[in-house]
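The listed protein sequences correspond, in order, to chains R and C.
Heads up: the first sequence runs through residues 174 to 620, numbered per the numbering used here.
Heads up: the second sequence runs through residues 48 to 303, numbered per the numbering used here.
Built from N, CA and C at the ideal position, the CB exists for glycine as well.
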Amino acid sequence: MGALLRWARAPWPGPACLCLIRLRMIRLCMIFPCLFPFAASPAAAMEGTGFDFRGSLESRFRVFPQDALDPDQGSGQHAYGIEAELNLGLPHGLEARAHPRLRLDGNRIRQNPLVMDDFYLGQFIEGLQWRAGYQVFSWKVVESYSQADVLNQTDRRLDLLDPDKLAEPAAFLRLDLPAWLGEALEAYSLPYFTPGPLPRSESRYSPVTGTPFTLVSDADSATYDSPSGRWEPQWALRHLWRPGSFDVAFFWFHGYRRFPVFAPHPAAPGTLVPRYLRVEQGGMTFQGTLGNWILKGEGSWQGFTGDVRGPTGSPVDPYGSFTTGFEYTFYAPIAADQDVVTLVEWIGDTDSGKDPIDLEGFRPFQNDLFMGLRYVFNGLSDATATGGVFWDYREGDALYKLELRRRFFTHLSCSAGYNGVMLGSDTGRFQFLDRSSNLFADLKAYW
Amino acid sequence: MLTRLLTGILLLCAAAQAADGGEGRAIHVKYDSCRHGFGDETVTVNMFLINANGDTTTRRVKTLILERKESFDYSLIQFMDPPDVRGAGLLTYQNPRGEDQQWLYLPELRRVKVISSQNKSGSFMGSEFAYEDITGNSLDKFEYRKIGEADLEGMPCHLIEKKPLFTSGYVRVKEWIDKEKCLLRRAEMIDRKGSLLKVELDEDWRLYGNTWKSDRLTMINLQTGKKTVLVFSDRKHRVGLKEGDFTQPSMQRVRF
Numbered sequence: 174m175g176a177l178l179r180w181a182r183a184p185w186p187g188p189a190c191l192c193l194i195r196l197r198m199i200r201l202c203m204i205f206p207c208l209f210p211f212a213a214s215p216a217a218a219m220e221g222t223g224f225d226f227r228g229s230l231e232s233r234f235r236v237f238p239q240d241a242l243d244p245d246q247g248s249g250q251h252a253y254g255i256e257a258e259l260n261l262g263l264p265h266g267l268e269a270r271a272h273p274r275l276r277l278d279g280n281r282i283r284q285n286p287l288v289m290d291d292f293y294l295g296q297f298i299e300g301l302q303w304r305a306g307y308q309v310f311s312w313k314v315v316e317s318y319s320q321a322d323v324l325n326q327t328d329r330r331l332d333l334l335d336p337d338k339l340a341e342p343a344a345f346l347r348l349d350l351p352a353w354l355g356e357a358l359e360a361y362s363l364p365y366f367t368p369g370p371l372p373r374s375e376s377r378y379s380p381v382t383g384t385p386f387t388l389v390s391d392a393d394s395a396t397y398d399s400p401s402g403r404w405e406p407q408w409a410l411r412h413l414w415r416p417g418s419f420d421v422a423f424f425w426f427h428g429y430r431r432f433p434v435f436a437p438h439p440a441a442p443g444t445l446v447p448r449y450l451r452v453e454q455g456g457m458t459f460q461g462t463l464g465n466w467i468l469k470g471e472g473s474w475q476g477f478t479g480d481v482r483g484p485t486g487s488p489v490d491p492y493g494s495f496t497t498g499f500e501y502t503f504y505a506p507i508a509a510d511q512d513v514v515t516l517v518e519w520i521g522d523t524d525s526g527k528d529p530i531d532l533e534g535f536r537p538f539q540n541d542l543f544m545g546l547r548y549v550f551n552g553l554s555d556a557t558a559t560g561g562v563f564w565d566y567r568e569g570d571a572l573y574k575l576e577l578r579r580r581f582f583t584h585l586s587c588s589a590g591y592n593g594v595m596l597g598s599d600t601g602r603f604q605f606l607d608r609s610s611n612l613f614a615d616l617k618a619y620w
Numbered sequence: 048m049l050t051r052l053l054t055g056i057l058l059l060c061a062a063a064q065a066a067d068g069g070e071g072r073a074i075h076v077k078y079d080s081c082r083h084g085f086g087d088e089t090v091t092v093n094m095f096l097i098n099a100n101g102d103t104t105t106r107r108v109k110t111l112i113l114e115r116k117e118s119f120d121y122s123l124i125q126f127m128d129p130p131d132v133r134g135a136g137l138l139t140y141q142n143p144r145g146e147d148q149q150w151l152y153l154p155e156l157r158r159v160k161v162i163s164s165q166n167k168s169g170s171f172m173g174s175e176f177a178y179e180d181i182t183g184n185s186l187d188k189f190e191y192r193k194i195g196e197a198d199l200e201g202m203p204c205h206l207i208e209k210k211p212l213f214t215s216g217y218v219r220v221k222e223w224i225d226k227e228k229c230l231l232r233r234a235e236m237i238d239r240k241g242s243l244l245k246v247e248l249d250e251d252w253r254l255y256g257n258t259w260k261s262d263r264l265t266m267i268n269l270q271t272g273k274k275t276v277l278v279f280s281d282r283k284h285r286v287g288l289k290e291g292d293f294t295q296p297s298m299q300r301v302r303f
C-alpha cells in the first residue's frame, strides 16, 4: 500500500518540497506584476475578463490479444478520468488557470488520485507575457517524434511513444522584440525537477522485459548527476522569428534530460535504477508553408555535463538529432466534403548505425521514417480516420497506429483503433514492446 | 509570335475591364467602404449546420478582427462549441496581394500549427462556407464587371460578376448589391464545372457606428442540399484591440 501511495505521488514532490516550490512561486508571482506596467487600454483590459469552466469525463479501454511476455502483465487495461478546466480572466490582462485531473486506473498501473495539469497565474499585456506556477509547454512542430519539446516530464507508464505530459513548476516570460531583432524572446526558469513515472511490472511493456534485470522505478530511488538533486536550477531560452511564411525558433536548455538512463544499483546486483543526466541542449525548429506544402523540422544538439559512458565503458560524445518532413493536403479528392492529409517525416541522429551498447541509453528513433495519412470528413461529426507508421529502415521494425474518431450528439467523442508492433528481428531496439499490440477504445463526454 | 499572343491577351483583358467602364469595381469599392472603418471588432458567431435531412448541429466561435493599413488585417477566430474543440483558435494575417498566413492552435496538445492558406476552397469548420467566403474577400483579389441590374424582392440591385484572381473553388461569383445602401444581398457561386454551386444570402444588415454589418449569413449548397446559417451577436467595435492580441500566444488565451 505504501508503495502504491508513493507511486500515486510519483510525479509530484513531497510536502516539504511543495512548500519550497510554493514559496518560490509566491515570490515570483509577487515580483512579476510589480515589474511590468498594466495594459494601456481599459476597454481592451476588460475584454478578457470573466470566468470559464469546462470539464470532461473519460473512459479508456485496451485489450492485448497476444499473451504477455511477463505473467504480471495483464491482457486488458481500463481507466476512468474526470477533469476540469477553470480559467479566470481579471482586469489588466491578469489570468489564472487551474486544470485538475482525477484518474482511476482499473489495473492500478497509473493510479493518480489527483494531478494538476495547469495551476498558474499570469499576465498578458502589450509586448509582454508572463506566467508562474505549474505549466505544460510545447515547442513541438513535427507530428511524429519531437527533438525540441524538452521542458516537460512525461508519464510513460502506459505509453512510450506518445506519453502524457506532466506539468512543471516554472516561471515563464515572453518579450515581443522589435522587428529587426526577431519576433520574441522567451525565458523559462524551472526550479525543481520531477522524475518521470516509469512502467510498473503490470504495465504491458518495460525497458527490462526479456532481460535478467529488475527495474526499481520508484521515483525516490532515482539518482541525479548534480549534487543538488531535484533542486538543480534549470533554465531555457527561446528566440522566435518569422522570415517570410516560416516560423523559426532557436532554443537552449540547461537541465536534466527528462528520459533517464538505467544504471546498476550500487547495493543490489541485477537491479537497475533510473539516473538523470544533466545536459546542455541547443537546437532549432521551423514550420512554414510553400504553397500547399507545409514544411517542418526540429534539430537538436545534446551534450552531457560530466562523464557519461555507455554500458561498455566507452565515453558518449555529444550528438545531434533531427526530425524533418512535410505535410500535404488533398482537398476533396473523392468527395466534396472530404480531405486527405498526407505526412512524411524522417527521424535520425548522428549516432545512427552505432551499436546501442556504445550509447548512453535507449534512443527510440535513430533511423526511422514516419508516414501518416488522415482522412477527414468535414461533416457534422468531424469524423477522421488516421493511420501512421514508424518504420526503422535499418532494423525493419515497424510501430503503427490505426484510429477512427468521431463526435456523437455534440458532447460525446469516441475513438477506437489498433496499436501494432511488428519486429523485424530478434535483436531490435523495440524488442521490449513485443506482444504489446493492442486494441483501444476511448470515450469522452464534455460539458 | 509570342509577343503578339501576349499583346492580344493583354488587349482582351483591358477590353473586358473597360467593358463596364470600371463601374463594377467602383460599386465594390463603395460596398467595401460601407463595411470597413470599424477599427477593431469582437463578435460571437453561432453557426447552424443543417444537412439535407434537416438535422441541425450548432457551433459557436468568437471572432476578433483588427483593421490595418491597406487591408493587411488580422483576425482571430476562437472556437467555443462543440466542447471537444473549445479553445482551438485560427489566426489569420490577411495579405490582400498574396498568400494569407494562418496558424491553428490545438489546446489539447498546446501546439500552434502553421496551416496552408493556399487552398481557400476548403470547408470552414465543416460548414458550407469555404475559407475564401470567410477571409478571402480582399478587393484586389478579384476582377469586377457590372453585368446588369435586377430587382431582388422588390429591391433594385446592381448585378456584379466577380472573378477570383487566385486559386479558387469558384470560376465566378454573381452578386446582387442594392442600389440604395450599396450592400450585398445575394451571391451565387459558380464552380469550376460551370454549375451553380452555392447561394449566399446576406440579411439583417445593421449600422454599427458608421459601419454596416450583416448579422445573418446563409449559405445553401445546391448540389448537396446542405445549408449553413451564421448568426452574429454581441458585436462590438473599437474595444481597444492591438496587434499584440493577434499573436500565437494570444491564441492560447481563453476569451470570455
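*asked:* Can you confirm whether the segment 244–259 of chain R touches the segment 277–294 of chain C when touching is taken to mean that 3 or more C-beta pairs between the two stretches lie within less than 8 Å?
replied: no
message = What does DSSP give as the partner residue(s) for Ala558/R in the beta ladder?
response = Sequence index remark: in the first sequence, residue 558/R carries index 385 (1-based). Tyr548/R and Leu577/R.
Self-check item: Pro491/R versus Val513/R - alpha carbon distance
Solution: Within the first sequence, the letter at position 318 stands for residue 491/R. Within the first sequence, the letter at position 340 stands for residue 513/R. About 40 Å.
- Query: Alpha carbon to alpha carbon, what distance is there between Pro506/R and Leu153/C?
  - Reply: As a first step, residue 153/C is located in the second sequence; it is residue number 106 there, counting from the start. As a first step, residue 506/R is located in the first sequence; it is residue number 333 there, counting from the start. So the two alpha carbons sit approximately 25 Å from each other.
Query - Three-state secondary structure assigned by DSSP to Pro296/C - result: Working through the second sequence from its first residue, we reach residue 296/C at position 249. If DSSP states are grouped into helix, strand and coil, Pro296/C belongs with the helices.
Q. Name the chain R residues that come within less than 7 Å of Glu155/C, Cβ to Cβ?
A. Locating residue 155/C in the second sequence gives position 108, counting from the first residue. Under the 7 Å cutoff, chain R gives no residues; its nearest Cβ is about 10 Å from Glu155/C.
| query | Taking just the CA atoms, how far does Ser280/C sit from Leu111/C? | reply | Within the second sequence, residue 111/C is the residue found at index 64, counting from 1. Within the second sequence, residue 280/C is the residue found at index 233, counting from 1. If you take the alpha carbons of Leu111/C and Ser280/C, they lie about 13 Å apart.
Got a sec? Which residues, its chain only, sit under 6 Å from Phe234/R by beta carbon, not counting five neighbours each side? Residue mapping note: residue 234/R aligns to position 61 of the first sequence, counting from 1. So the list reads His251 and Ala614, once near-sequence residues are dropped.
Whether or not the segment 94–104 of chain C and the segment 553–561 of chain R are in contact is what I'm after, with contact meaning three or more pairs of Cβ atoms, one per stretch, closer than 8 Å; do they touch?
yes
Notebook entry, point to check: Assuming Phe563/R and Asp599/R make a contact with CB atoms under 8 Å, what is their CB distance in whole Å?
Noted result: Locating residue 563/R in the first sequence gives position 390, where the first residue counts as 1. Locating residue 599/R in the first sequence gives position 426, where the first residue counts as 1. At roughly 19 Å, the Cβ-Cβ gap does not stay under 8 Å, so Phe563/R and Asp599/R are not in contact.
Exercise. Excluding the five sequence neighbours on either side, which residues of its own chain have a C-beta within less than 8 Å of the C-beta of Thr258/C, listed in chain order?
Worked result: For this step, residue 258/C is matched to residue 211 along the second sequence. Hits under 8 Å: Cys81, Arg82, His83, Gly84, Phe85 and His284.
*For Thr515/R and chain C, any beta-carbon pair shorter than 8 Å?*
Translated into the one-based positions of the first sequence, residue 515/R becomes position 342. No, no contact with chain C.
Check your understanding: Grouping DSSP H, G and I as helix and E and B as strand, with all else coil, what is Phe535/R?
Key -> Within the first sequence, numbered from 1, the residue matching residue 535/R stands at position 362. If DSSP states are grouped into helix, strand and coil, Phe535/R belongs with coil.
query: Hey, Glu316/R and Glu518/R are a contact pair by Cβ (cut 8 Å); roughly how many whole angstroms apart?
result: Here residue 316/R corresponds to residue number 143 of the first sequence, with the count starting at 1. Here residue 518/R corresponds to residue number 345 of the first sequence, with the count starting at 1. 6 Å between Cβ atoms; contact.
- Cα-Cα separation, Leu612/R to Gly561/R: Taking the first sequence and counting its residues from 1, the one referred to as residue 612/R is at position 439. Taking the first sequence and counting its residues from 1, the one referred to as residue 561/R is at position 388. When rounded, the distance between both Cα atoms is 15 Å.
Same chain, Cβ closer than 6 Å to Val278/C, five either side skipped, listed in chain order:
Residue numbering aside, residue 278/C sits at position 231 when the second sequence is read from its first letter. For Val278/C, where only same-chain residues beyond five positions count, the Cβ hits under 6 Å are Asn93 and Arg263.
Whole-angstrom distance between Leu410/R and Glu341/R, CA atom to CA atom
Within the first sequence, numbered from 1, the residue matching residue 341/R stands at position 168. Within the first sequence, numbered from 1, the residue matching residue 410/R stands at position 237. Taking the straight line joining both Cα atoms gives about 16 Å.
Spatial neighbours of Leu358/R in its chain, beta-carbon cut-off 8 Å, leaving aside the 5 residues before and after:
Walking along the first sequence from the start, residue 358/R turns up at place 185. Contacts found: Arg347, Leu348, Leu350, Leu410, Arg411, His412 and Leu413.
Exercise for the section: Name the two residues that bound the continuous beta strand (DSSP E) containing Lys274/C. Expected result: Counted from its first residue, the second sequence places residue 274/C at position 227. Element bounds for Lys274/C: Lys274 to His284.
Note to self: When you compare the CB of Asp102/C with every CB in chain R, is at least one pair closer than 8 Å?
What the structure shows: Locating residue 102/C in the second sequence gives position 55, counting from the first residue. Judged by the 8 Å Cβ criterion, Asp102/C is in contact with chain R.
Query - Three CB pairs or more closer than 8 Å across the segment 474–483 of chain R and the segment 144–151 of chain C - result: no
Going along chain C in order, which residues have a C-beta closer than 8 Å to the C-beta of Gln460/R? Here residue 460/R refers to the residue found at position 287 of the first sequence. Correct list: Lys160 and Val161.
message: Please list, in chain order, the residues of the segment 330–354 of chain R that have any C-beta partner in chain C closer than 9 Å.
response: Lys338, Arg347 and Asp349
Contact defined as beta carbons within less than 8 Å: I believe Leu468/R pairs with Thr515/R. What is the distance between those atoms, to the nearest angstrom? As a first step, residue 468/R is located in the first sequence; it is residue number 295 there, counting from the start. As a first step, residue 515/R is located in the first sequence; it is residue number 342 there, counting from the start. Not a contact, Cβ separation roughly 13 Å.
Open item on the list: Our contact map puts Glu196/C next to Ile207/C with C-beta atoms below 8 Å; I'd like the distance itself, whole angstroms only.
Closed with: The residue given as residue 196/C occupies position 149 in the second sequence. The residue given as residue 207/C occupies position 160 in the second sequence. No, Glu196/C and Ile207/C are not in contact; Cβ-Cβ is about 10 Å, not under 8 Å.
- Which value, in whole angstroms, describes the spacing of the CA atoms of Leu243/C and Glu235/C? Here residue 243/C corresponds to residue number 196 of the second sequence, with the count starting at 1. Here residue 235/C corresponds to residue number 188 of the second sequence, with the count starting at 1. So the alpha carbons of these two residues sit roughly 7 Å apart.
Contact residues within the segment 85–111 of chain C, judged by C-beta distance below 8 Å to chain R
Thr89, Leu96, Asn98, Asp102, Thr104 and Thr105
**Prompt:** What are the residues that DSSP puts in a beta bridge with Leu263/R?
**Reply:** Along the first sequence, one-based indexing puts residue 263/R at 90. Per DSSP, none; premise fails for Leu263/R.
Whole angstroms are fine: how far does the CA of Val549/R sit from the CA of Val218/C? By one-based count along the second sequence, residue 218/C stands at place 171. By one-based count along the first sequence, residue 549/R stands at place 376. Going by the C-alpha atoms only, they are around 25 Å apart.
- Message: At the level of alpha carbons, what is the spacing between Asp570/R and Ala436/R?
- Response: As a working note, residue 570/R is residue 397 in the first sequence. As a working note, residue 436/R is residue 263 in the first sequence. Near 26 Å, if we compare the C-alpha coordinates of Ala436/R and Asp570/R.
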